[in-house]
Amino acid sequence: MLYHLSEYLVQAFEAAGPLRLVRYISFRTIVAMLTSFLITLLIGRTVINFLYRRKIRDVVRDYSVMSVESKKGTPTMGGILMILAILASIALWGNFRSPFLYYLLFAMFWFAAVGGIDDYFKIRNQNSDAGLSRKAKYLSQISYGLIFGFFFLYSGTTPLPHPTKQSGCRVKTWKSKECDKPCKTNADCATNTCGVTGAVCMQGRCAPPAACSADAQSKACRSDEACIASCGSGAYCPKHWEYPVPGNKVLVFRPSQLYIPFYKFPLMDLSWLYIFVIVFMIVYAANAVNFADGLDGLATGPTLFSYLVFGIYAYFLGNMLTARYLWYPFLPGAGETAVFCGAVVGALVGFLWFNTYPAEIFMGDTGSITLGGILGTVMVLLKQEFLFFLLGGVFLAELLSVAVQDWLGIQVLGRRIFYRAPIHHTFQHRGLSEPKIVVRFWIVSAMLALLSLAALKIR
Amino acid sequence: MEKRRYLLTGGGTGGHVYPAIAIADELRRREPDAEFLYVGVKGKAEEKIAPKRGYPIRFVSSEGWPGARPSLSLLRFAWRLGIGVIQAILILRQYKPHAIIATGGYVSAPIMLAWVLLRKLRLTQTKAFVHEQNLMPGRLNLLIGKLADRTGVSFEESRRYLPQAEAVGYPVRKEMVGVPREEARKRLGLPEDARVLLAFGGSQGARTINRALVDALPQLLQDPNIWVIHGVGRLDSPLYRAEKDTQDRLAQISLTEEQRKRYQMFAYLDPIEDYYAAADLVIGRGGAGTLTEMAVCGLAALIIPKANLPGDHQVRNARALQDGGAAEVVYEHAQRTNEGLIDVVAGEELASAVAHLLGDTERLKKMREAILNFGDVEALGRIVDRVQQLATGRLEPLPSRPVPKSDGPVFAEMTGGGLVSYLGRHGLKDIPARELEYLTYRTDGYLSSDAWQTRNVGVKLVGLLQLHDHLELILYILQDKTPASRLHRLLGGDYRQVGFIRRNAFQVLRQLNVWNPQVRETLLLGFEDPYFEVRSNAAQTAIFFSEQIGDDPEILAAIRKLMMDRDFEVAREGILAMGHFAKNPDVYEAMRALYTHPNWRLREAVVLAMTRLVERGVLAPEKVAEELDQFLLTSIGFAPRFHLREKMLHLSQTLQKVKNAVPPQ
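Protein chains in written order, with numbering that gives the first Met the number 0: chain A, 0 to 458; chain B, 0 to 664.
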């Protein structure tokens with residue numbers, strides 16, 4: 000709301016000029032983060048008390064025999080706290096003209112409903128096995144994946160560029176040797192710039208005309224003439240959404256292309272089969288966070304780092320200059336995802352305030368499935384799905400250990416392969432205390448986050 | 000009147016076919032011009048029986064339920080059943096029967112599913128009558144029984160599973176009853192005053208009965224008055240060839256010429272009613288069909304129920320008769336043979352049971368009278384009434400009746416896992432001896448299973464039920480080093496008796512609490528086991544038996560090796576065991592290396608073991624006091640103390656104390 004209000008004020012009153020700041024994604028990301036953090040702190044205590052009084056916890060049946068070491072009775076469903084904070088923050092700072100925002104909000108509501116129902120049944124029956132059946136959980140996640148995948152891939156509704164959408168103006172012959180020559184001033188580039196007039200000197204090298212580098216290149220063009228008018232003689236209006244890659248080539252971008260980290264080019268175009276990748280990643284992400292949610296703050300930390308890294312990716316990919324500089328396909332509007340990630344990160348930090356060992360509140364499936372589901376949506380929207388196997392290495396370890404232990408070990412071989420699964424229970428069994436394990440998992444995921452940021456450049 | 004058309008389906012085994020035939024025979028007697036069609040699966044029992052009795056047969060494709068796990072056989076099941084349903088739809092559309100009579104078994108699945116489909120789409124006028132023979136309805140009848148126009152069950156108790164069903168009884172063919180004994184004996188060439196024992200395991204035959212009977216023969220035939228008639232059955236599968244196996248076994252025992260004359264062996268007994276009439280005592284399986292036939296004919300029966308059937312229905316059938324004083328029951332036991340663990344009944348056990356019964360004419364007579372109470376001669380007529388009423392649309396709806404309830408836990412209805420958790424929670428108290436006998440029998444069934452998951456349940460039950468006579472089996476399991484399949488070994492498996500089984504077997508050794516040289520040998524094997532949980536359990540077992548073990552250098556050396564195990568869980572148990580066993584202060588050397596071990600749980604174990612050693616006077620207190628300083632004391636594990644909860648606990652306990660101190664006015 001503040002975004003749209005300031006937009007109106009800037010247009011209407013000259014005095015409101017400084018409010019232009021609100022337009023910038025970097026600014027909105029940071030204030031969204033702070034806002035959701037402050038909201039969690041402010042309403043946290045109230046929510047905890049509310050949940051406790053509504054008996055959203057394990058009820059202690061007999062106080063005269065209760066354990067003095069366990070945390071039994073801690074209120075759960077703390078995901079509600081985060082969801083409220085994210086909603087409020089996005090309501091204030093979100094750009095509701097961006098399709099990305101609607102995709103993310105849809106994901107949030109869907110998974111919050113699934114997780115909420117699951118928690119509700121568990122609490123009503125005071126039995127952690129009484130929630131939604133495994134089948135129902137997977138079914139809900141798969142159906143979300145199918146719905147989301149359809150809208151994501153269908154040319155009429157995809158938020159990403161699509162071959163059917165026209166891209167901005169391009170400069171035809173910008174060969175490195177001839178055009179990309181060293182320069183000191185714009186005058187050095189005026190001559191012999193591969194037939195382009197008005198080339199400029201940027202960072203010691205000739206670059207296409209500035210006018211072309213900004214608006215004209217990011218907004219869909221109408222005709223070659225219009226492009227020549229704004230960019231100079233070498234410009235044209237391409238038929239497809241193209242983006243430059245090294246070697247003076249351009250590639251046509253499609254939402255169904257498969258990208259992997261540390262490699263610049265798309266592996267292949269899966270077309271409609273890509274929907275299976277989407278479904279898999281959604282189910283994987285939702286369950287990954289769900290499984291990791293076993294110790295105080297264990298899910299919160301790695302999730303926070305994941306959102307942080309994806310937020311940074313979203314910012315870079317949604318900005319034409321940085322996307323082009325890093326040889327990524329520019330995804331106009333994707334910057335809005337960064338604002339959303341910022342709001343989630345703020346809410347997670349605020350939640351950690353209460354959730355860190357010893358926890359005063361658990362996120363429950365309401366939190367873990369929702370956070371995982373949104374995370375899955377974010378990485379598909381940014382086309383960085385496979386980065387999550389590196390970035391979320393902690394989640395991978397948790398899921399793999401459960402799969403190997405339960406399926407291979409207990410079902411087939413009739414033996415344990417790990418002492419306990421998920422893997423954090425193995426560490427507990429080996430005698431590590433809970434806070435020690437949690438902080439070590441945070442450290443590992445922070446290092447993986449750094450590696451993942453490096454993947455931004457190292458390709 | 001229009002000629003009525005009846006469609007019969009059900010089968011797979013004779014147990015499902017004969018009831019359908021019995022119903023059809025009676026229908027044909029009442030309506031001589033009615034048409035019949037039998038629908039079955041090629042290669043199953045119905046293929047031979049139905050045409051022989053004059054019923055035309057058509058085939059559909061179907062297959063037994065392979066279990067809900069995703070597998071190739073599940074796919075094949077879906078495919079075959081799908082084809083079968085389509086075939087069945089065509090048959091129903093073509094033949095347009097007035098009524099379907101389904102007697103269960105997967106053979107009847109295509110017709111019944113097709114009928115349900117057509118009925119839901121209102122494309123058929125056909126009525127369906129389903130009959131369930133066993134106490135515990137089969138999977139298909141549980142489903143179809145709820146949708147059929149009328150469902151008949153043989154026992155009132157079955158209505159616990161199918162409340163909408165009507166208890167109509169079990170249809171027995173009319174010819175069964177009333178064959179005079181003298182005529183039957185004359186036809187079969189048996190002396191009039193002989194004591195005749197009839198033994199058979201259904202149309203297919205039963206390995207347990209065949210083998211036990213042959214083993215019992217030398218003892219039985221010593222009595223010159225006893226004649227034995229043996230129906231071995233037609234089963235000829237790679238796993239068990241009834242006739243050949245029996246012949247081989249017969250060759251191993253020595254019988255005199257005269258004794259051989261008194262033993263007659265047949266592949267199958269036809270007509271069975273003659274044999275029934277001639278027999279003084281019958282040994283048979285506990286299927287509802289056999290039992291009802293015996294009851295209607297008023298025979299003295301010794302029942303050997305088959306283990307591991309759905310709901311254990313044979314055992315429950317048999318026990319119902321036993322409770323009424325109408326039959327004797329002999330259970331199978333798991334025994335170690337060169338075919339692995341299989342279910343057997345010992346020859347001597349059977350021989351003495353039979354000899355005892357045949358010698359007690361009074362008891363036989365009482366049994367014969369008692370079993371007649373269980374035979375319901377009206378059943379067939381009642382069932383055929385229902386079918387005819389259905390076909391003419393004159394069947395009255397059933398009034399609602401209360402569903403029978405059972406009191407106390409019904410062990411027969413519990414799964415293996417259910418039994419384990421029930422016994423784990425409630426222990427052995429309040430379980431009557433008869434139930435214990437049954438549970439032992441269940442355990443034996445599990446122990447002889449091919450699936451390790453099932454065997455594992457059996458092992459656990461041995462401990463929970465305190466079956467001391469199974470100690471040898473447990474030791475056998477622990478010594479069994481048959482390797483697992485190559486694929487399993489590649490993935491990290493080791494032996495056929497998987498890690499969990501071996502681990503649990505050691506727990507059972509502790510529960511049984513018996514120490515003998517064999518247990519010692521097995522324990523030594525356990526220390527060398529490739530699976531860590533087994534090694535650590537072996538160490539725990541050693542501690543458990545520490546008094547009996549005493550001063551055993553071999554065990555001490557093995558435990559010393561365990562202390563250095565690469566697996567911390569095992570090393571920990573090894574160190575703790577060392578605290579119990581070490582006799583010399585030289586254990587210091589081994590323990591000293593662990594004072595600064597990175598895993599504090601090993602250091603903790605060292606401290607515990609040292610305490611134990613000082614208490615036992617092995618280590619000198621002064622010497623240990625010197626060592627203390629060398630310990631790495633920092634640890635990354637701790638147990639939290641929540642002070643608020645402690646005080647709360649205190650308050651709550653105080654509340655109770657005060658409440659108890661002041662008696663209510």
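In this text, a Cβ means the ideal position worked out from N, Cα and C, and glycines have one as well.
Less than 9 Å separating the beta-carbons of residue 369 of chain B and residue 324 of chain B?
Contact flag set, yes.
Using a C-beta to C-beta distance shorter than 8 Å, which residues of chain B count as neighbours of residue 63 of chain A?
Per Cβ cutoff of 8 Å: 648, 651, 652, 654, 655.
For residue 258 of chain A, return the contacting residues in chain B, with the cut-off set at a CB-CB distance below 9 Å.
Within 9 Å Cβ-Cβ: nothing; residue 258 of chain A doesn't reach chain B, min ~32 Å.
When burial is assigned at 16 or more other CB atoms within 10 Å of the CB, is residue 382 of chain A buried or exposed?
With 16 or more Cβ atoms within 10 Å of its Cβ, residue 382 of chain A is classed as buried.
Please report the straight-line C-alpha distance between residue 156 of chain B and residue 656 of chain B, rounded to a whole angstrom.
So the alpha carbons of these two residues sit roughly 49 Å apart.
Alpha carbon to alpha carbon, how far is residue 512 of chain B from residue 692 of chain B? Give it in angstroms, no decimals.
For residue 692 of chain B there is no data in the structure shown, the boundaries of chain B being 0 and 664.
Would you say the beta carbon of residue 264 of chain B is closer than 8 Å to some non-hydrogen atom of the ligand GDP?
The ligand GDP is not part of the structure shown, which contains no ligands of any sort.
If you drop the 5 nearest sequence neighbours on each side, which residues of the same chain put their C-beta closer than 7 Å to that of residue 73 of chain B?
Excluding sequence neighbours, residue 73 of chain B sits near 65.
Relative to the alpha-carbon of residue 629 of chain B, which residue among B:13, B:602, B:238, B:142 has its alpha-carbon at the smallest distance?
The residue with the shortest Cα to Cα distance from residue 629 of chain B is B:602.
What's the gap between the Cα of residue 668 of chain B and the Cα of residue 86 of chain B?
Absent from the model: residue 668 of chain B. The displayed extent of chain B is 0 to 664, so no value can be given.
Hey, does residue 455 of chain B have any beta-carbon neighbour from chain A nearer than 9 Å?
Yes - at least one Cβ of chain A is within 9 Å of the one on residue 455 of chain B.
Could you work out which residues of chain A lie near residue 639 of chain B, taking near to mean beta carbons separated by less than 7 Å?
Those within 7 Å of residue 639 of chain B in chain A are 68, 357.
Suppose you measure from the CA of residue 201 of chain B to the CA of residue 252 of chain B; what does that come to, to the nearest Å?
If I take the Cα positions, the gap works out to 25 Å.
List the residues of chain B that residue 412 of chain A touches, going by C-beta distances under 7 Å, in chain order.
Those are 487, 490, 491, 492, 497, listed as they occur along chain B.
Closest to residue 16 of chain A by C-alpha separation, out of A:5, A:23, A:24, would be which residue?
For residue 16 of chain A, the nearest C-alpha among the options comes from A:5.
Hey, quick one: how far does the alpha helix (DSSP H) through residue 296 of chain B stretch, first residue to last?
First-last of the alpha helix (DSSP H) with residue 296 of chain B: 287-296.
Quick check: residue 75 of chain A and residue 361 of chain A, are their CB atoms within less than 9 Å of each other?
Taking 9 Å as the Cβ cut-off, residue 75 of chain A and residue 361 of chain A qualify as a contacting pair.
May I ask you to list, following chain order, the residues of the segment 416-435 of chain A that have a beta carbon less than 9 Å from some beta carbon of chain B?
Taking 9 Å as the Cβ-Cβ cut-off against chain B, the residues of the segment 416-435 of chain A that qualify are 416, 418, 427, 428, 429, 430, 431, 432, 433, 435.
Of all Cβ atoms in chain A, is any one closer than 9 Å to the Cβ of residue 635 of chain B?
At least one chain A Cβ lies under 9 Å of residue 635 of chain B.
So for residue 337 of chain B, helix, strand or coil by DSSP?
In this structure, residue 337 of chain B counts as strand in the three-state DSSP scheme.
Three Cβ pairs or more, each shorter than 8 Å: is that satisfied between the segment 260-267 of chain B and the segment 138-152 of chain B?
Too few Cβ pairs lie closer than 8 Å, so no.
Does any C-beta atom of chain A lie closer than 9 Å to the C-beta of residue 33 of chain B?
Closer than 9 Å: no.
Taking only beta-carbon atoms, is residue 452 of chain B less than 9 Å away from chain A?
With 9 Å as the cut-off, residue 452 of chain B counts as an interface residue toward chain A.
Expressed to the nearest angstrom, what Euclidean distance is found between the alpha-carbon atoms of residue 53 of chain B and residue 23 of chain B?
Whole-angstrom Cα-Cα distance: 10 Å.
List, from N- to C-terminal side, the alpha helix (DSSP H) runs of 4 residues or more that fit wholly inside the segment 338-389 of chain A.
Here the runs fully enclosed are 363-380.
In this structure, how does DSSP classify residue 67 of chain A when only helix, strand and coil are distinguished?
DSSP places residue 67 of chain A in coil when its eight states are reduced to three.
Tell me the DSSP secondary structure of residue 188 of chain A in three-state form.
Reduced to three states, the DSSP call for residue 188 of chain A is helix.
Could you give the C-beta distance for residue 282 of chain B and residue 254 of chain B, rounded to a whole number, given that I count them as a contact under 8 Å?
Residue 282 of chain B to residue 254 of chain B, Cβ: 19 Å. No contact.
With residue 8 of chain B as the anchor, note down where its beta strand (DSSP E) starts and where it stops.
4-8 is the span of the beta strand (DSSP E), which, as asked, contains residue 8 of chain B.
Where do the N-terminal and C-terminal ends of the alpha helix (DSSP H) with residue 114 of chain B fall, by residue?
Residues 108-119.
Going by beta-carbon coordinates alone, are residue 36 of chain A and residue 346 of chain A separated by less than 9 Å?
Yes, the pair counts as a contact, with Cβ atoms nearer than the cut-off.
Give me the subset of the segment 288-322 of chain A whose CB atoms are less than 7 Å from a CB atom of chain B, sorted by chain position.
Listed by position along the chain: nothing, the set is empty.
Is there a Cβ of chain A sitting closer than 9 Å to that of residue 598 of chain B, yes or no?
Closer than 9 Å to some Cβ of chain A, the Cβ of residue 598 of chain B qualifies, so yes.
Taking only three categories from DSSP, how would you classify residue 77 of chain A?
If DSSP states are grouped into helix, strand and coil, residue 77 of chain A belongs with coil.
Is it true that the CB of residue 149 of chain B sits closer than 9 Å to the CB of residue 394 of chain B?
Taking 9 Å as the Cβ cut-off, residue 394 of chain B and residue 149 of chain B qualify as a contacting pair.
Could you check whether residue 438 of chain B and residue 464 of chain B sit closer than 9 Å to each other, using their CB atoms as the reference points?
Closer than 9 Å, so yes.
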